[in-house]
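Per my numbering, residue 5 is the first one in the sequence shown, and the count goes up by one each step.
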Amino acid sequence: MPGESVVSRVVRLLDAFAPGDTALGVSEIARRSGLHVATASRLVAELVQQGLLVRLDDRRVRPGVRLWELASRASPTLGLREAAMPSLQDLHGVVGHHVQLAVLDGHEVLHLERLSAAGAVVNLSRIAGRLPLHLSSSGLVLLAAAPEEVRAHVQAAELPGLTPASITTAARLRAEVARVRAQGYALCVGHVHPEATGIAVPVRDGRGDVVAALSAIVPATSAARRLVPALQAAARGTTRRLSAGVPGDGPGRAGLSLGENPLAPDPALPAR
């Protein structure tokens, strides 16, 4: 782009690394960022020299540890993640599948943390990964608390789906957001993957403002709804630590019993 600053070009270059990318070649970086190959090559060389990128033996590059170090220092979400970690750890012990912490960033969900387990149900999200607000349980919780202009923007935009259960119309999105606001949680059966249910609750700060969403991704059965009290307890624990300015101090602080498993089969409930 004519007149574009070097900083803007560097940001475009770094944005070429999608979640899950281990390394990229200069040509692929140039293609994804829209930069000329010569420009991309020069910027990559400078970033390698500064330790922000690392060049591998096959000439591809990956993000360097120094980039992570600088980002960690600057992240305004670091305190939130630390405050939530004890609750996430306790909740993970109860759920045995995926538990996540996410925030609103623009018109997307940004995942700050995820705890998983071997054999857990499929989950497409990842740390530092993003999803559209209309697709996931965390997104619906964050959208329900978002300013009206954010909700209007999302409802007016195209709403692509991933499964037949995904929300793809503005009318349904408005109805689901109203449901979340009324009941205080979101439950999405098969919205992102047919075999997975996402359930999320809001995390509030000391003033009562919603600052994040705490979610669990579990098998798509009717038992998922039984996780709501555990998620709400975890969210309250995070709010207490945020209000007191106390960082995460290890598991066992969220008021959850690790001996309980809300997903255990209940003969009184149908499978789906």
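For glycine and all other residues, C-beta sits at the position ideal for the given N, C-alpha and C.
Rounded to a whole number of angstroms, what is the C-alpha to C-alpha distance between residue i and residue j?
{"i": "Gly254", "j": "Met89", "result": "Caution is warranted here: a pLDDT of 38 is assigned to Gly254, below 50, making its placement in the model unreliable, and no coordinate value can be reported."}
{"i": "Leu177", "j": "Ile33", "result": "35 Å"}
{"i": "Ala149", "j": "Val41", "result": "43 Å"}
{"i": "Pro23", "j": "Gly249", "result": "31 Å"}
{"i": "Gln104", "j": "Leu116", "result": "8 Å"}
{"i": "Cys192", "j": "Val10", "result": "42 Å"}
{"i": "Val145", "j": "Glu153", "result": "16 Å"}
{"i": "His96", "j": "Leu119", "result": "7 Å"}
{"i": "Val158", "j": "Leu166", "result": "17 Å"}
{"i": "Val184", "j": "Pro151", "result": "15 Å"}
{"i": "Pro233", "j": "Val207", "result": "13 Å"}
{"i": "Ser226", "j": "Pro198", "result": "14 Å"}
{"i": "Asp61", "j": "Ala175", "result": "52 Å"}
{"i": "Ser31", "j": "Gln93", "result": "41 Å"}
{"i": "Val69", "j": "Ala75", "result": "10 Å"}
{"i": "Val107", "j": "Ala122", "result": "25 Å"}
{"i": "Glu8", "j": "Gly110", "result": "23 Å"}
{"i": "Thr215", "j": "Ala49", "result": "For the record, residue 215 in the displayed sequence is Val; it is not Thr. Taking the straight line from one Cα to the other gives about 38 Å."}
{"i": "Ser247", "j": "Leu139", "result": "30 Å"}
For residue i, which residues from the same chain have a beta carbon less than 8 Å from its beta carbon, with the 5 sequence-adjacent residues on both sides left out?
{"i": "Pro67", "result": "Leu18, Phe21, Leu56, Leu57, Val58"}
{"i": "Ala200", "result": "Val125, Val126, Asn127, Gly194, Ile221, Val222, Pro223, Ala224"}
{"i": "Leu28", "result": "Ala20, Phe21, Arg36, Arg64, Val65, Arg66"}
{"i": "Val14", "result": "Leu47, Leu51"}
Evaluate residue i with the Cβ neighbour count: other Cβ atoms within 10 Å of its Cβ, from every protein chain shown; 16 or more gives buried, anything less gives exposed.
{"i": "Gly212", "result": "exposed"}
{"i": "Thr243", "result": "buried"}
{"i": "Gly202", "result": "buried"}
{"i": "Val279", "result": "The chain is shown only over 5 to 276; residue 279 falls outside these bounds and no answer can be derived."}
{"i": "Gln53", "result": "exposed"}
{"i": "Ser12", "result": "exposed"}
{"i": "Gly210", "result": "exposed"}
{"i": "Ala179", "result": "exposed"}
{"i": "Ala44", "result": "buried"}
{"i": "Ala87", "result": "buried"}
In chain order, what residues of the same chain lie with their CB nearer than 7 Å to the CB of residue i, ignoring the 5 residues before and after it?
{"i": "Arg36", "result": "Ala20"}
{"i": "Gly143", "result": "Val113, Leu135, Pro136, Leu137"}
{"i": "Thr173", "result": "Leu163"}
{"i": "Ser141", "result": "Ala190, Leu191, Cys192, Gly202, Ile203, Ala204, Ser219"}
{"i": "Val181", "result": "Leu144, Leu147, Ala148, Arg155"}
Let me know the secondary structure DSSP gives residue i once reduced to three states.
{"i": "Arg66", "result": "strand"}
{"i": "Gln54", "result": "coil"}
{"i": "Val278", "result": "Nothing about residue 278 can be reported from this structure: the residues present for the chain run from 5 to 276 only."}
{"i": "Pro198", "result": "coil"}
{"i": "Glu86", "result": "helix"}
{"i": "His111", "result": "coil"}
{"i": "Ala237", "result": "helix"}
{"i": "Leu105", "result": "strand"}
{"i": "Ala75", "result": "helix"}
{"i": "Leu18", "result": "helix"}
{"i": "Ala42", "result": "helix"}
{"i": "Leu128", "result": "coil"}
{"i": "Leu60", "result": "coil"}
{"i": "Ser219", "result": "strand"}
{"i": "Ala49", "result": "helix"}
{"i": "Glu117", "result": "strand"}
{"i": "Arg13", "result": "helix"}
{"i": "Thr244", "result": "Thr is not the amino acid found at residue 244; the sequence shown has Arg there. The answer is helix: DSSP assigns Arg244 an H, G or I state."}
{"i": "Arg36", "result": "helix"}
{"i": "Ala27", "result": "coil"}
{"i": "Ala4", "result": "Residue 4 is absent from the structure shown; the chain starts at 5 and stops at 276."}
Note down, in chain order, each residue of its chain lying with its Cβ closer than 6 Å to the Cβ of residue i, except the 5 sequence neighbours on either side.
{"i": "Leu71", "result": "Leu56"}
{"i": "Val205", "result": "Tyr189, Leu218, Leu235, Gln236, Ala239"}
{"i": "Arg85", "result": "Leu116, Glu117"}
{"i": "Ala169", "result": "Gly194, His195"}
So within the stretch 131 to 191, which uninterrupted beta strand (DSSP E) runs reach at least 3 residues, ignoring any that extend past its ends? 134 to 136
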